[in-house]
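S.K.: Mapping of the sequence shown onto my numbering: residues 2 to 337, in sequence order. No residue lacks a Cβ here, since even glycine has one placed at the ideal position from N, Cα and C. All figures in this text were calculated on a predicted structure; none of them were measured in a lab. Quick one: this structure, given as structure tokens, is what I'll be asking you about.
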Amino acid sequence: MVENLFTANENTLVTTEDISWNESISETNHSTVTEFIFLGLSNSQELQIFLFVFFFVFYVGIVFGNLLIVITVASDSHLHSPMYFLLANLSLIDLCLSSVTAPKTIADFFSKCKVISFKGCLAQIFLLHFFGGSELMILIAMAFDRYVAICKPLHYTTIMRGYVCVGFVAAAWGTGFLHSVSQLAFAVNLPFCGPNEVDSFYCDLPRVIKLACTDTYRLDIMVIANSGVLTVCSFFLLITSYTVILVTIQHLPSERSSKALSTLTAHITVVLLFFGPCIFIYAWPFPIESLDKFLAVFCSVVTPFLNPMIYTLRNKDMKTAMRRLRKWNINSRIKS
Numbered sequence: 002m003v004e005n006l007f008t009a010n011e012n013t014l015v016t017t018e019d020i021s022w023n024e025s026i027s028e029t030n031h032s033t034v035t036e037f038i039f040l041g042l043s044n045s046q047e048l049q050i051f052l053f054v055f056f057f058v059f060y061v062g063i064v065f066g067n068l069l070i071v072i073t074v075a076s077d078s079h080l081h082s083p084m085y086f087l088l089a090n091l092s093l094i095d096l097c098l099s100s101v102t103a104p105k106t107i108a109d110f111f112s113k114c115k116v117i118s119f120k121g122c123l124a125q126i127f128l129l130h131f132f133g134g135s136e137l138m139i140l141i142a143m144a145f146d147r148y149v150a151i152c153k154p155l156h157y158t159t160i161m162r163g164y165v166c167v168g169f170v171a172a173a174w175g176t177g178f179l180h181s182v183s184q185l186a187f188a189v190n191l192p193f194c195g196p197n198e199v200d201s202f203y204c205d206l207p208r209v210i211k212l213a214c215t216d217t218y219r220l221d222i223m224v225i226a227n228s229g230v231l232t233v234c235s236f237f238l239l240i241t242s243y244t245v246i247l248v249t250i251q252h253l254p255s256e257r258s259s260k261a262l263s264t265l266t267a268h269i270t271v272v273l274l275f276f277g278p279c280i281f282i283y284a285w286p287f288p289i290e291s292l293d294k295f296l297a298v299f300c301s302v303v304t305p306f307l308n309p310m311i312y313t314l315r316n317k318d319m320k321t322a323m324r325r326l327r328k329w330n331i332n333s334r335i336k337s
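Written out as structure tokens, the structure reads:
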């Protein structure tokens, strides 16, 4: 009887210790994450210096290149047309999209611990998808503008009126907002209770949801259904529309066809640069970490840098307008 009582008490003590130990582990596991740590692109000091120079040079080019397009279009009356109005909005979006990640990435190259707050991480997710969704719709609007200009030239001024262009831009920004809100809704209520290292140099939904203390299979499917399907459908819509335009160009006179083909080549190049990486990041079901990082760099600084170069180097009207703007600046300085 005494032995049984002693055994029972011993078991009770052990059970109590187990419960207290499990409670402490539970409290540790369910501690709220207040910040995330970026693992960055490389641990090599030499490579980090190279990447710093790379990001800095490209971001400066993005700021000056895209601002130059916006200022040129706004100041030159010869460019007050639907195509250049949409182009100026595309440049503004590219500038904003790159500014979401590039400045912090450049600053983080000098930091041993690349930290971002939880709210800052959510803000990056929101802004990335806001400007990304807006750019997607602007590219569709630009494709529609070229379709009307080449396939229905006699109805161009009737269809592409001022309020139609403003409507396109408003729809683009509105779509970007709705898309970003839907993306943020997936992440804002996720339980983050431990892991906080993001294997990237900025916050994006596919990488952040991997850190959640819950089964993320359904969330992965939702991301593919939201961002992936939207990106793929828009890409095929654009490719189809540009194919129709290219077929129409073949029946135009040589002078008109060469000018239209030059403009169209620039548009198609920008579409491929934007949608190619996005499809692999958001729609490809078998992600590759190294490839995803390379594509993230491409989306962050390379594409926004190349867009103004593509449009200015291949567009005679833009180059002429920039020369006029330069002469006007020189004359104003002489007079002052």
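Where do the ends of the alpha helix (DSSP H) carrying I38 lie?
M.R.: From DSSP, I38 is part of no alpha helix (DSSP H) but of the beta strand (DSSP E) over 36-39.
S.K.: For I94, which residues of its own chain have a beta-carbon under 7 Å away from its beta-carbon, when the five flanking residues on both sides are left out?
M.R.: F132, S135, E136, I139
S.K.: To the nearest angstrom, report how far apart N44 and V209 are at their CA atoms.
M.R.: 21 Å
S.K.: Within 10 Å of its beta-carbon, does C234 have 16 or more other beta-carbons around it, so buried, or fewer, so exposed?
M.R.: exposed
S.K.: Within 10 angstroms of the Cβ of V271, are there 16 or more other Cβ atoms? Answer buried if so, exposed if not.
M.R.: So V271 counts as buried.
S.K.: Counting pairs of beta carbons, one from the region 222-234 and one from the region 180-189, are three or more of them closer than 8 Å?
M.R.: yes
S.K.: Measure the alpha-carbon distance for Q251 versus S258 and round it to whole angstroms.
M.R.: 7 Å
S.K.: Checking the sheet assignment: what are the DSSP bridge partners for S118?
M.R.: E36
S.K.: Rounded to whole angstroms, what's the CA-CA distance from L129 to L87? Just pull it up for me.
M.R.: When rounded, the distance between both Cα atoms is 20 Å.
S.K.: Can you give, in chain order, each stretch of the alpha helix (DSSP H) that sits fully within the region 129-169 and has at least 4 residues?
M.R.: 157-160
S.K.: Spatial neighbours of F299 within its chain, please: C-beta separation below 7 Å, excluding the five flanking residues on both sides.
M.R.: Cβ within range, chain order: P278.
S.K.: Measuring CA to CA, which of R147, V189, L155 is closest to A124?
M.R.: Ranking the options by Cα distance to A124, first place goes to V189.
S.K.: For P154, count neighbouring Cβ atoms within 10 angstroms of its own Cβ and tell me buried if that reaches 16, exposed if not.
M.R.: The residue in question, P154, is exposed, as its Cβ has fewer than 16 Cβ neighbours within 10 Å.
S.K.: Which same chain residues, not among the five before or five after F178, have their C-beta less than 7 Å away from its C-beta?
M.R.: F131
S.K.: Indicate whether P207 and I282 have their beta-carbon atoms separated by less than 8 Å.
M.R.: yes
S.K.: Taking 8 Å as the threshold (C-beta atoms), are I107 and F65 in contact?
M.R.: no
S.K.: Using 10 angstroms around the beta-carbon of F180, count the other beta-carbons present and answer buried if the total reaches 16, otherwise exposed.
M.R.: Going by the sequence as given, residue 180 is His instead of Phe. With 16 or more other Cβ atoms within 10 Å, it is buried.
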